[in-house]
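A.B. asks: Going by my numbering, the final residue of the sequence shown carries number 383, and the count climbs one at a time with no gaps.
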Amino acid sequence: MRVRQRDIAQAAGVSQATVSLVVSGRASEGGVSARTQERVRTAMADLGYVPDPVAQSLRGGRSGLIGVFTYEPVFPATPDDYFHEFLVGIEIAAAELGRDLVLFSSTQRADGSRTIYDRGTNRLQVADGSVVLGQQRDEQELSRLAEDGYPFVSLGGYDPVPAAAWVAVDYEGAVRGLVEDLHGAGHRCLAYVRGDDDRLPSVARREAFAAATVDDETYQVPLSRLTRDVVEQWRLDGVSAVVAENPTSAESLASTVSRAGLRIPDDLSAVCLERPLRSGRTAGWSHLVIPKQEVGSRAVKVLAAILDGDLPSDHHGMIRCLPHHLGTISPVEERAARPARTVPGRQHTA
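Structure (structure tokens):
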């Protein structure tokens, strides 16, 4: 039989209203003494009482639940999956804080997209607050969520919602450091292979690359247009290093370079702006280490601090990522003279 609050009240010798205050986390502000609170909690433990999170949420109390809302499916989360380490970090932090997680999966529409406001109702209210993930987000929904005063932290990207909290990766600083390493090896004519999407992480990386290479000659090509002819033309134009936007771009680049009869890094230096696929041919490439697990953990801790009133609801956190070099950046002077003269500041876009 389900234990109810009146059973707790009878066992602890207090009113049901007192039990309700203890369960909701508002006992101290309601004038309930520490001794009485402890007596109520002891009765709850003895009887095996488990609060109803939905009922608590409807009453405006704290459920102890942290929501995880994703704008696209995140399972199965294999080690190479984009969201895997974010989710690991979220789980670790929630366990450290003694919070339970709820993944909102019933928010999916018939077309596969997901929405926070199903039939006008905020589905996330079951949880005290939520961490929002997704590479393609609904800015209007997030703006409305912030206006409604619902606590949430957006994870892994910058959102154009001034009133929202977020935890993001400092791509600008990381890519700038990586480009400086390329400069140090003599590379001033660079190519960039980008994905065929406009998702938040992709856009952030492109903008960071553009900002870091304003004085270089650069060639940008989308993955769908990367061919052997393009790579061969790069060599004629003097390109000495290539930056791949993501692991998929890196794998395709490696195959195309090989078909062109070139070797990495002997003929062309190469780096990836994310950890390459562990089982792919680019596993040993130089790359950026994006601290996804730390981002996930920090997002949960920021949310908990917002709920406790220790941080403002529009808190912004930035986490650094560092280059990890495994030898696919070689000095230009070790190669034959480049067949073409580069033009600083010139940008070529396919």
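Glycine included, C-beta positions come from ideal geometry on N, C-alpha and C.
1) Kindly indicate which three-state DSSP category ALA198 falls into: helix, strand or coil?
2) Quick check on PRO372: does DSSP put it in helix, strand or coil?
3) Straight-line CA distance for ARG156 to ILE149?
4) Give me the Cα-Cα distance between LEU309 and TYR104, rounded to the nearest whole angstrom.
5) Relative to the alpha-carbon of LEU211, which residue among GLU366, SER53, ALA60, HIS358 has its alpha-carbon at the smallest distance?
6) Check for me: the beta strand (DSSP E) holding LEU188 runs from which residue to which?
7) Thinking C-beta only, is GLY162 closer than 7 Å to PRO184?
8) For ARG147, which of helix, strand or coil comes out of DSSP?
9) Please identify the residue among ARG268, ALA243, PHE119 whose C-alpha is closest to the C-alpha of LEU188.
10) Could you tell me which uninterrupted alpha helix (DSSP H) segments, each at least 4 residues in length, are contained entirely in the segment 245-329, listed from first to last along the chain?
11) Can you grab the Cα-Cα spacing for the pair THR111 / GLY63, in whole Å?
12) Can you check which of these residues, SER138, GLN158, ALA338, HIS349, is closest to VAL107 by C-alpha distance?
13) Just the Cα atoms here: how many angstroms apart are VAL186 and ALA303?
14) In angstroms, rounded to a whole number, what distance separates the CA positions of VAL365 and ARG227?
15) To which residues of the same chain is VAL328 closer than 7 Å at the C-beta, ignoring the five residues directly before and after it?
16) Would you mind reading off the limits of the alpha helix (DSSP H) that contains GLY206?
17) I need the DSSP call for ILE99, collapsed to helix, strand or coil.
18) Within 10 Å of its beta-carbon, does LEU269 have 16 or more other beta-carbons around it, so buried, or fewer, so exposed?
19) Okay, do the segment 165-181 and the segment 284-299 touch, 3+ Cβ pairs below 8 Å being the bar?
20) How about ALA293 and ARG258: do their beta carbons lie closer than 7 Å?
21) Is GLY350 helix, strand or coil by DSSP?
22) Which term fits ALA45, buried or exposed, when burial requires 16 or more other beta carbons within 10 angstroms of its beta carbon?
23) Can you have a look at ARG75 and say buried or exposed, based on whether 16 or more other CB atoms are within 10 angstroms of its CB?
24) Have a look at GLY350 and PHE102 and give me their C-alpha separation to the nearest angstrom.
25) Is the beta carbon of THR361 closer than 7 Å to that of SER319?
26) From this set, GLN49, ARG59, ASP40, which residue's C-alpha is nearest ASP341's C-alpha?
27) Rounded C-beta distance between LEU321 and ALA207? I'm assuming under 8 Å.
28) If you drop the 5 nearest sequence neighbours on each side, which residues of the same chain put their C-beta closer than 7 Å to that of SER53?
29) What residues are listed by DSSP as bridge partners for PRO356?
30) Pick helix, strand or coil for ARG59, following the three-state DSSP scheme.
31) Measuring alpha carbon to alpha carbon, tell me which of THR315, ARG221, PRO195 ends up nearest ASP249.
32) Among the residues of its own chain, which have a CB less than 6 Å from the CB of GLY313, if the five just before and after it don't count?
C.D. replies: In short, the structure shows the following:
1) In the three-state reduction of the DSSP assignment, ALA198 falls in the strand class, which pools E and B.
2) Its pLDDT being 48, under 50, PRO372 is placed unreliably in this model, and the coordinates cannot settle the point.
3) Each residue's Cα considered, the two are about 6 Å apart.
4) Reading off the sequence shown, one finds Pro at residue 309, where the question assumed Leu. If you take the alpha carbons of PRO309 and TYR104, they lie about 24 Å apart.
5) Looking at the Cα atoms, HIS358 is the closest of the given residues.
6) Residue range 185-188 is occupied by the beta strand (DSSP E) that includes LEU188.
7) Cβ atoms of PRO184 and GLY162: closer than 7 Å.
8) Here ARG147 sits in strand by DSSP.
9) Scanning ARG268, ALA243, PHE119 for the CA closest to the CA of LEU188 turns up PHE119.
10) With a minimum length of 4 residues, the continuous alpha helix (DSSP H) runs that stay inside the segment 245-329 are 261-270, 280-292.
11) Each residue's alpha carbon lies about 47 Å from the other.
12) Looking only at SER138, GLN158, ALA338, HIS349, the smallest Cα-Cα distance to VAL107 is reached by SER138.
13) About 35 Å.
14) In this model, VAL365 and ARG227 are separated by some 23 Å (Cα to Cα).
15) Cβ neighbours of VAL328 beyond the five flanking positions: PHE119, GLY122, LEU188, GLY189, VAL200, VAL202, ILE352.
16) Here the alpha helix (DSSP H) through GLY206 covers 204-217.
17) Three-state result, ILE99: strand.
18) Exposed.
19) No, because fewer than three Cβ pairs between the segment 165-181 and the segment 284-299 fall closer than 8 Å, the two stretches do not touch.
20) In terms of Cβ geometry, ALA293 and ARG258 do not form a close pair [threshold 7 Å].
21) Note: GLY350 maps to strand in three-state DSSP.
22) Taking a 10 Å sphere around the C-beta of ALA45, we find 16 or more other C-beta atoms and assign the residue as buried.
23) A quick correction: the sequence has Thr, not Arg, at residue 75. Burial call: exposed.
24) Going from the Cα of GLY350 to the Cα of PHE102 covers about 19 Å.
25) Between SER319 and THR361, the CB-CB gap stays under 7 Å.
26) The residue from GLN49, ARG59, ASP40 with its alpha-carbon nearest to that of ASP341 is ARG59.
27) Cβ-Cβ separation between LEU321 and ALA207: approximately 5 Å, consistent with a contact (criterion under 8 Å).
28) Cβ within range, chain order: GLN38.
29) PRO356 is bridged to LEU321.
30) Coil at ARG59, not helix or strand.
31) Closest option to ASP249, Cα to Cα, is ARG221.
32) A distance below 6 Å between beta-carbons, with the five flanking residues on each side excluded, links GLY313 to the following residues of its chain, in chain order: GLU284.
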